[in-house]
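I have placed the structure first, in the form of structure tokens, so that the comments after it can refer back to it.
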Amino acid sequence: MRLPRHLLFLFSTLLTTAIAEPIVVKDGLIKLRLKEMARADRLPHSDPKEITSTGVSFVEDLPESGAGEAWPGEKFSEAALAQLYRLIEASNEGEARDLLAQGFLSSELEAKESVESLGQKISLHSGTPGKAISTSPREFIARLHGLGKLKLKVIGIENLTTRFHVEANREGAEYSATWLCTWDDKITPKLKKLEVEKFETVRSKERWFIDATSSAIGTNPRFEAQVMRGIGYWSERITRIGDLAMTGHHGIAVGDVNGDGLEDLYVCDGGSLPNQLYLQQADGSAKEVASQWGVAWLEDSRSALLVDLDNDGDQDLVVATIAMIAFAENTGRGKFELMGGFPGAPYPFSLSAADFDSDGDLDIYTCVYSAGDDSVSGKRGFEATSPIPFNDAENGGRNVLLANLGDFQFGEITKEVGLEQNNTRWSFAASWEDFDRDGDPDLYVANDFGRNCLYRNDEGRFVDIAADTGAEDMAAGMSVSWGDFNRDGGADLLVGNMFSSAGQRVALQRRLGEGTKRMARGNSLLTAREGAFEDVSMASGITNGGWAWSSAFADLNNNGWQDLVVANGYLSNTRDDDL
Amino acid sequence: MSPSEKIDDYARGWTDLMKLVRNGHSWSGSERNRFFLNGGQGRFHEMSHLAGLDQIEDGRGLALVDWDHDGRIDLWYRNRSAPRLRLMLNRRESPVSIAIKLEGTTSNRDGIGAVVELLPAQKNKSLVRSVKAGDLFLSQSSKWLHFGLGDETGYTHASVIWPGGEKEFFERIDGPGRRFVLKQGSGQAVSVAPRGDIELPAKPLATASQNDGAARIILPARVPFPAMTYRDQAAQLKTLAGAGKPRLVILWSGTCGHCKSTLKEVANNAAAIRAANLEVLALSVDGLAGPAADVSPAYDLIDQSKFPFPWGLTDTSSVRGVHKFQAALFNGTPAPSVPLAILLDPAHEAVAIYRGAFSIIDVLQDWRAVANVSETQRHHYAPPMSGTWFTNPLPQRDVKKLFPAVNR
């Protein structure tokens, strides 16, 4: 629940900005004075040797079953998945025979020919899968085992056929495919036919990345507590009054805060867990100094920016917390000083800065996801307000543009500049880019339940042109990355979206209707073409990024072509049974 | 279904899903992070595992930065589950790159919003990057622009569209593999002295620390505690409710090893507990099965530890009440287990919770710290690690509204 908050000091003045026509802006910042109470940490024991408590059982009255049973087909989906895993684990022909129907047919599972070089000693094996033909159990399990370690997800059900997304890896090879499996029965299904819809294998001998987390930050005193303990751990120990949410939506910002030429990190954390500031040292390691710098804030913090707000050559700090959007000035002497905060964005998510009015200083756009929690009933998030309708919801929170008025004064100017249009669509993320190359930044906003927005900037006034330019991307939008993946000079869009196998399956069933399937399709790639965008997601092969929170264009092998990196996964919990 | 029924049904669906998650279910959990290689022909190819970018923690933020200045993009992941941060350093044998940072003079100092095109000496594919502050999900990457050069190293010029629309050409971008600052109005790139090689070895992280269930929790506010019933030593039915003396209620079982050591420690520190003016009530859960339950281990433990404080046998509905109290307070509901101790103030409001074997010395220390403090001081003292709040604590009257004592 979002609890009512009482801020300490309130000032309010009227000021004006200097854009085309003067717009009256109210300086909405609240000034605060902070008191720090020094005390010792109560850190969790590291490496507990034994469990120190014993379970108590009593009649449980929490629901054990739920969504799964209400959706027809989920039982069959579970049974089919389990049977296919049994086949994969079958160690001999006899075991496999029991799981296959009479006259079993299969196509080749992996492309054997059609090799293409992807450069830098990376090869691609693909092609058109062959027809399913009579295949012996022995031959079939040999093919399965040959793929390596397999992971399957059911992404569609129709009558007795299930569609699987399949991933496998083995030394030097990575396989991805879609399989169509036809079964003889829904309760104890035996596999009748496996047809490969599409497949490819990438081969490469070199591993690209090493994990340097421990070398970089492992010796900080709170490493165990704040890095090696997940939100699940803390959600059993920090109360709702302490504003710790299960969802773990806490971000990260890179910038050089002490001007030594090395990049540092500001890291947001949940309510009652202090935010962190990691200062990079000459040896590449990073030292956590948030308390010394005055920014170990305990408010539930979603995102942060390190930017020069007053053009004095150092990096100032903006943090989106559920209490306010906080603005802190870098004093240049190893400290940030909190200058004030904007309280009108009560459920903030991503922040993005740009100089929208070309007056030489940076303005701040804040995504505000939901319209707020119900402090009377104590309901939070979706339990307080549901996005309705699911695939085109406009009952979310109100995003805000804060104009920089100088001297750490900021005023809300959303409506005055035209950004109130389509402004309550459950926004998770936004990013500025001068996509039409006219010298002022335009804004793309990713919305969770339906259409996204593309606001063209016309000298400081905005018009939503998403529908006209083919950029709406109606899906569960979570992130925005601008880039130029095809090297034609135009600004392309990678929109991070949810890919949910449960969503794909359920979409095909009666309960949520047709719109849902597109909603759960996954990431989208929109390529710039003559002032508009073309959706090339399916053809480019990028949709399945999982439940993708951050999806980024990034050229990781320096060949000039931007690749895609995805950070994904919703809620891993103590039980494995995945929804 | 009518449209409004459909909407209700749908809203209920969300509530059901969240209940399942609170109850420990995963939802698109343990997904592998992804990496897709750009094949240059409009197609991308997944090679997450081969690249070493297929970690399964719940990802949220992602920051791209050449952390060690070796000309390759490294990745900092910000995660929901442990490890909450992960630094993946790029060690791919790759062509060189050029890194560019802008410095605005009439435009904003960070040059945010500028579009930079690196111009080849010979005809080539375009390389365009722009400066951003805040993209992806909850993330801000480095403001250094990264240009992988591929097979072409003949880049020497860049054109910049500064925010505001001014166009400027820069020369002397003449060192593949180097870093340059482009200051607005200067027309000349200035190369930055390279940083020495740094050593940040690969070091596998321990698997996420085991959650042993133990906890020492100072509550950020005084929370009404449900009434409990029990039979005392004389088998009299008693109710624990309403105002009284400050009290530590311990739930325990005669069959649990840690309960034994905990009750012994409490017994050994009886004098200190009395000096702190704290009462203790030890309630055994051995009688939950009703009259048929074997409660002899409880009696044995009381005898062995020469337990000097009142004790009794509590019942299922009281234990369920305590479980509901915890379920209402915490988004992640802990599994019911003993030993479990609740520190109550004279108004029968909980001020601290101890799960698993606890030290009575810690309890006494906590009681001294929070017995007579203001709401603001309690708010500052409660978080497990020190830090600063901007906000005032939730007023006590709102706590009472949000967490009414669970009536049975």
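Heads up: the protein sequence lines correspond to chains A and B, in order. Numbered according to numbering that gives the first Met the number 0, the first sequence terminates at residue 578, and the numbering increases by one at each position without gaps. Numbered according to numbering that gives the first Met the number 0, the second sequence terminates at residue 407, and the numbering increases by one at each position without gaps. Ideal Cβ positions, reconstructed from N, Cα and C, are used throughout, including at glycine.
Between the alpha carbons of residue i and residue j, how many angstroms are there, rounded?
i, j, result
"R273(B)", "V350(B)", "19 angstroms"
"V180(B)", "D311(A)", "17 angstroms"
"H48(B)", "D365(B)", "48 angstroms"
"F198(A)", "G39(B)", "19 angstroms"
"K120(A)", "V114(A)", "12 angstroms"
"L316(A)", "D406(A)", "14 angstroms"
"F326(A)", "R486(A)", "37 angstroms"
"P119(B)", "S539(A)", "27 angstroms"
"E264(B)", "L243(A)", "33 angstroms"
"E458(A)", "G396(A)", "26 angstroms"
"L563(A)", "L52(B)", "11 angstroms"
"S290(A)", "V256(A)", "15 angstroms"
"G41(B)", "E328(A)", "44 angstroms"
"K305(B)", "G289(B)", "26 angstroms"
"F10(A)", "P342(A)", "At F10(A) the pLDDT is 27, less than 50, meaning the model places this residue with poor confidence; the figure from the coordinates comes in the next sentence. Computed Cα separation, rounded: 12 angstroms."
"S317(B)", "A334(B)", "16 angstroms"
"G60(B)", "V130(B)", "18 angstroms"
Starting from residue i and walking both ways along the beta strand (DSSP E), at which residues does that stretch end?
i, result
"N78(B)", "73-78"
"A353(A)", "347-353"
"W178(A)", "172-182"
"K191(A)", "190-202"
"S76(A)", "First-last for S76(A): 73-88, but that is the alpha helix (DSSP H), not the beta strand (DSSP E)."
"S480(A)", "476-482"
"M227(B)", "227-231"
"R215(B)", "214-223"
Taking the beta carbon of residue i as the centre, do at least 16 other beta carbons fall within 10 Å, making it buried, or is it exposed?
i, result
"V58(A)", "Low confidence applies to V58(A): its pLDDT is 43, below 50, so where it sits in the model is not reliable enough to give any reading."
"T15(A)", "Confidence at T15(A) is low in this model, with a pLDDT of 33, below 50, so the placement of that residue should be treated as unreliable; the coordinate-derived value is given next. T15(A) comes out exposed."
"K111(A)", "exposed"
"S302(A)", "buried"
"L570(A)", "buried"
"I360(B)", "exposed"
"N556(A)", "buried"
"E138(A)", "exposed"
"G70(B)", "buried"
"N91(A)", "exposed"
"S133(A)", "exposed"
"S80(B)", "buried"
"V372(B)", "exposed"
"E267(B)", "It is worth fixing the name first, because residue 267(B) is Asn in this sequence and not Glu. By the 10 Å Cβ count, N267(B) comes out exposed."
"D263(A)", "buried"
"T238(A)", "buried"
"R396(B)", "exposed"
Can you name the start and end residues of the alpha helix (DSSP H) that residue i belongs to?
i, result
"I140(A)", "136-145"
"D397(B)", "395-401"
"E94(A)", "92-98"
"Q376(B)", "374-380"
"R319(B)", "315-328"
"Q364(B)", "359-369"
"S213(A)", "212-216"
Tell me, to the nearest whole angstrom, how far the beta carbon of residue i is from that of residue j; I am working on the premise that it is less than 8 angstroms.
i, j, result
"I352(B)", "I216(B)", "4 angstroms"
"S76(A)", "T161(A)", "6 angstroms"
"N446(A)", "G476(A)", "5 angstroms"
"P281(B)", "F324(B)", "At residue 281(B) the sequence reads Ala, which differs from the Pro that was named. Not confirmed; about 18 angstroms, so no contact."
"A319(A)", "P347(A)", "4 angstroms"
"T181(A)", "K192(A)", "4 angstroms"
"N390(A)", "M518(A)", "5 angstroms"
Query raised in the report: Taking Cβ-Cβ distances below 9 angstroms as the criterion, which residues of the region 554-575 of chain A are in contact with chain B?
Result: Under the 9 angstroms Cβ criterion, the region 554-575 of chain A contributes D554, L555, N556, N557, N558, G559, W560, Q561, D562, L563, V564, V565, A566, N567, G568, Y569, L570, S571, N572, T573, R574, D575.
**Report entry** Proximal residues, the region 534-546 of chain A versus chain B, C-beta separation under 9 angstroms
**Finding:** The residues in question are V535, A538, S539, G540, I541, N543, G544, G545, W546.
Report task. Pull out every residue of the region 329-342 of chain B whose Cβ sits closer than 8 angstroms to any Cβ of chain A, in chain order. Result -> Flagged, chain order: F329, N330, G331, T332, P333, A334, P335, S336, V337, P338, L339.
Requested in this report: Select from the region 90-115 of chain B all residues with a C-beta closer than 7 angstroms to any C-beta belonging to chain A, and list them in chain order.
Outcome: If the cut-off is 7 angstroms between Cβ atoms, the region 90-115 of chain B has R90, R91, E92, S93, P94, V95, S96, T105, S106, N107, R108, D109, I111, G112, V114 near chain A.
**Report entry** Near-chain A residues of the region 380-405 of chain B - C-beta to any C-beta below 9 angstroms
**Finding:** In summary, the residues of the region 380-405 of chain B whose CB is separated from some CB of chain A by less than 9 angstroms are Y380, A381, P382, P383, M384, S385, G386, T387, W388, F389, T390, N391, P392, L393, P394, D397, V398, K400, L401, F402, in the order they occur in the chain.
Query raised in the report: Using a beta-carbon distance cut-off of less than 7 angstroms, what residues from the region 416-433 of chain A approach chain B?
Result: Those would be F427, A428, S430, W431, E432, D433, in chain order.
Query - Contact residues within the region 236-267 of chain A, judged by C-beta distance below 8 angstroms to chain B - result: For chain B, the residues of the region 236-267 of chain A that bring a beta carbon within less than 8 angstroms of one of its beta carbons are R236, I237, T238, R239, I240, G241, L243, A244, M245, T246, G247, H248, H249, G250, I251, A252, V253, G254, G260, L261, E262, L264, V266, C267, in chain order.
Query raised in the report: Listed in chain order, which residues of the region 186-210 of chain A have Cβ atoms closer than 7 angstroms to some Cβ of chain B?
Result: Within the region 186-210 of chain A, the qualifying residues are E199, V201, S203, E205, R206, W207, F208, I209, D210.
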